[in-house]
Amino acid sequence: MKDWIQIVNRLEQLLLENNELALATVVHVDGSAYRRPGARMLVTGDGNWWGAISGGCLEGDMLKKAQMAMMTQQIKLVTYDTREDDPFQLGVGLGCQGLIDIVIDPIRSHLEAFCQAMKQAVSSYEPGVLGSEWDENDLSSFQYVYSPLSDIHSFDTDKKAILVQKTAHYRLIQGKSTLLEYIPPMPRIWIFGNQFDALALIQQINLLAWEIHWVGNVQKMNLQGKKSVKQVYDWESEYQILPDDSLVMMTHDFDRDVFLMRKLSSLETFAYWGVLGPQKRMDKLQGQLNDEGIDISELRKKLSSPIGLDVGAEGPEEIAISIISEIIAQKNKRDGQPLKFRDKPIH
22 MKDWIQIVNR LEQLLLENNE LALATVVHVD GSAYRRPGAR MLVTGDGNWW GAISGGCLEG
82 DMLKKAQMAM MTQQIKLVTY DTREDDPFQL GVGLGCQGLI DIVIDPIRSH LEAFCQAMKQ
142 AVSSYEPGVL GSEWDENDLS SFQYVYSPLS DIHSFDTDKK AILVQKTAHY RLIQGKSTLL
202 EYIPPMPRIW IFGNQFDALA LIQQINLLAW EIHWVGNVQK MNLQGKKSVK QVYDWESEYQ
262 ILPDDSLVMM THDFDRDVFL MRKLSSLETF AYWGVLGPQK RMDKLQGQLN DEGIDISELR
322 KKLSSPIGLD VGAEGPEEIA ISIISEIIAQ KNKRDGQPLK FRDKPIH
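Throughout, the numbering used here is defined as the position within the sequence shown, counted from one, plus 21.
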C-alpha cells in the first residue's frame, strides 16, 4: 500500500507541475523475481524516480528506457529474462531467476487516468480491483479501470477470483492483455494508550503509511505523535471500528482495559486485536468481565495476548516491530515462521 500511496501522491503533484513523466509497471512474471505484477516505478524526465520494479538490478536500465519513451511519447513493452546464465543478459547474478515483462507508459492522459483510479483506490475503506488493459498489437490502447467491491455485481469471474485470492493476475486472450490487481482497503489501526511504547508503534507504522487512529487522554498525548496520526480521540469518545481495522491495546492500566473491553466486546469482525500484557493479566481481565456478565470466551480466541510475534523483542521499538509483524502475518494468513521452512512459493 505504501508504494501506491507514495506514487499516487507524487504523480498528482508532478501532473500539476506539468512535468515530463513515465510510469513503468511490472505486468507479468514467469519464475522468480524480487517484485511481482503490479510493482511500479514513476520516472521524471530529469532522472528522478519513485517506487521500484526490482531489488535494484533493473532500475538503472529502466530509467534510460523510460526517458526514451518520454522522448518518443510511445508506450514500450520491455522484457528482462534472467532465467539463463547469459553473460550479456542484464540482471544475471543479481538474485533473480525469471522473466519479467514491464510496460512503460509516458502518455499524459493515461497517467491522469491512472492517478484518478488509484486515488479512488487508496482512499477507500473497501477492497477493489484495478484493471490495466491493452492490445498486444496496439500499446496506445492502454487503459486503467478501478472497480471497488461495491461494484461486485459487474465483476467477471476473474475479478471475483482476484478479490478472493488477494493477488494479481495477468491474462492474454486473443491478443488482448489484462493485468488485474487486488487493491486492499486503506490499512487502519487503532492504538489505545498514551505511553511511550504507543508513540514508538506510531512511528513504526508511519513507515508503512497506514492510517492511524489514536485513543487516550488527548491532553497527555505526545504533540509530534498527534501530528502524525489521522485522528485522536479521548477515552470516552465514540468511534467506528471497520471490519478490516486492527486494534492494539497498550494502556498499561487494568481498569482502562476493562473499560475498553466492555465498550468493544460486541465487535464481531476485525483484522487484528492485540492486548498488551501476559496471559495472567488477560485471565484476570476476562474474570472481571465475567463478573459483570460479559462473556468474552469466544472473543478471546481471536485476540492476541500476549501481543506480537515471539522474536525476543526488548524495548518499545523492537516490541512495535513484533506487533506489526504479527498484524501483517495474521492479515496474510501466515504463521510468521522463517521463510526457509516454507514449502510453498513465497508470494
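From the three backbone atoms N, C-alpha and C, an ideal C-beta is built for every residue, glycine too.
What are the start and end residues of the beta strand (DSSP E) that includes residue i?
| i | result |
| --- | --- |
| TRP155 | 149-156 |
| VAL64 | 61-65 |
| PRO169 | 159-169 |
| VAL296 | 293-296 |
| SER198 | 197-204 |
| ALA230 | Neither: ALA230 is in no beta strand (DSSP E) and is coded neither H nor E. |
| ARG192 | 189-194 |
Quick check: the Cα distance between residue i and residue j, rounded to an integer number of angstroms?
| i | j | result |
| --- | --- | --- |
| VAL113 | ASP218 | Note on VAL113: pLDDT 43, under 50, position unreliable in the model; no value is reported. |
| LYS140 | TRP231 | 15 Å |
| ILE66 | ALA87 | Here residue 66 turns out to be Gly, not Ile, going by the sequence shown. Those two C-alpha atoms are separated by around 8 Å. |
| PHE280 | GLY214 | 13 Å |
| TRP155 | ARG363 | 36 Å |
| ARG56 | LEU120 | 12 Å |
| ALA90 | TRP71 | 17 Å |
| GLU157 | ALA43 | 19 Å |
| GLN186 | LYS180 | 10 Å |
| LEU115 | ASN69 | At LEU115 the pLDDT is 47, less than 50, meaning the model places this residue with poor confidence; the figure from the coordinates comes in the next sentence. Cα to Cα, LEU115 sits roughly 23 Å from ASN69. |
| GLY152 | ASP177 | 12 Å |
| ASN30 | LEU132 | 13 Å |
| GLN95 | THR103 | 25 Å |
| TRP211 | SER286 | 15 Å |
| ASP51 | VAL99 | 14 Å |
| ASP276 | TYR293 | 22 Å |
| LEU63 | GLU41 | 11 Å |
| LYS85 | ASP24 | 21 Å |
| SER161 | TRP235 | 46 Å |
| ILE19 | ILE328 | This structure does not reach residue 19, given that the chain is present from 22 up to 368, and the question cannot be answered. |
| ASP304 | GLY298 | 10 Å |
| GLN245 | LYS197 | 50 Å |
| SER75 | ALA54 | 7 Å |
| GLU347 | LYS361 | 18 Å |
| LYS354 | ASN39 | 43 Å |
| GLY295 | LEU170 | 27 Å |
Which first and last residues belong to the alpha helix (DSSP H) in which residue i is found?
| i | result |
| --- | --- |
| GLU33 | 23-37 |
| VAL279 | 275-285 |
| LEU79 | Where LEU79 is concerned, there is no enclosing alpha helix (DSSP H), given that its DSSP letter is neither H nor E. |
| GLN252 | From DSSP, GLN252 is part of no alpha helix (DSSP H) but of the beta strand (DSSP E) over 252-255. |
| GLY308 | 300-312 |
| GLY246 | 244-248 |
Considering only residues of the same chain and omitting the five flanking positions on each side of residue i, which have a CB-CB separation below 6 Å?
| i | result |
| --- | --- |
| THR46 | ARG61 and VAL124 |
| VAL150 | SER168, LYS180, ILE183 and LEU201 |
| HIS374 | For residue 374 there is no data in the structure shown, the boundaries of the chain being 22 and 368. |
| ILE194 | none |
| ARG192 | THR199 |
| LYS352 | ALA292 |
Only counting the same chain, and skipping five residues up and downstream in sequence, which positions put a Cβ closer than 8 Å to that of residue i?
| i | result |
| --- | --- |
| SER16 | As displayed, the chain neither begins before 22 nor continues past 368, which places residue 16 out of reach and without an answer. |
| PRO206 | SER145, TYR146, GLU147, PRO148, LEU263 and ASP265 |
| ALA189 | ARG57, PRO58, GLY59, ILE183, LEU200, LEU201, GLU202 and TYR203 |
| GLU33 | CYS136 and LYS140 |
| GLN307 | ILE317, SER318 and ARG321 |
| ARG283 | LEU310, GLU313 and ILE315 |
Report all residues from its chain with a CB closer than 7 Å to the CB of residue i; omit the five preceding and five following residues, and keep chain order.
| i | result |
| --- | --- |
| GLY237 | PHE213, GLY214, ASN215 and TRP256 |
| LYS241 | ASN215 |
| LEU309 | Position check: residue 309 holds Gln in this sequence, whereas Leu was assumed. If we look at GLN309 and ignore the five residues flanking it on each side, its Cβ neighbours are VAL279. |
| ILE26 | VAL143 and ALA230 |
| ILE340 | ASP218, GLY329 and ALA334 |
May I ask you to list the residues that DSSP assigns as paired with residue i?
| i | result |
| --- | --- |
| PHE213 | VAL236 and MET270 |
| GLY72 | MET62 |
| VAL332 | In DSSP, VAL332 forms no bridge with anything. |
| ASP179 | Partner(s): none; ASP179 has no beta bridge. |
| LYS97 | ILE125 |
| ALA43 | VAL64 |
| ASP364 | Paired residues: none, contrary to the question. |
| SER325 | GLY295 |
| GLY52 | GLY119 |
| ASP102 | LEU120 |
Any beta-carbon of chain B closer than 8 Å to the one on residue i?
| i | result |
| --- | --- |
| ASP172 | Although the question refers to chain B, the structure presented lacks it and comprises just one protein chain. |
Check whether the Cβ of residue i lies closer than 7 Å to any heavy atom of the ligand PLP, and answer yes or no.
| i | result |
| --- | --- |
| ARG355 | Questions concerning the ligand PLP fall outside what the structure shown contains, since it holds no ligand whatsoever. |
- Message: Could you tell me which whole beta strand (DSSP E) segments of length 3 or greater appear in the stretch 112-146?
- Response: 119-126
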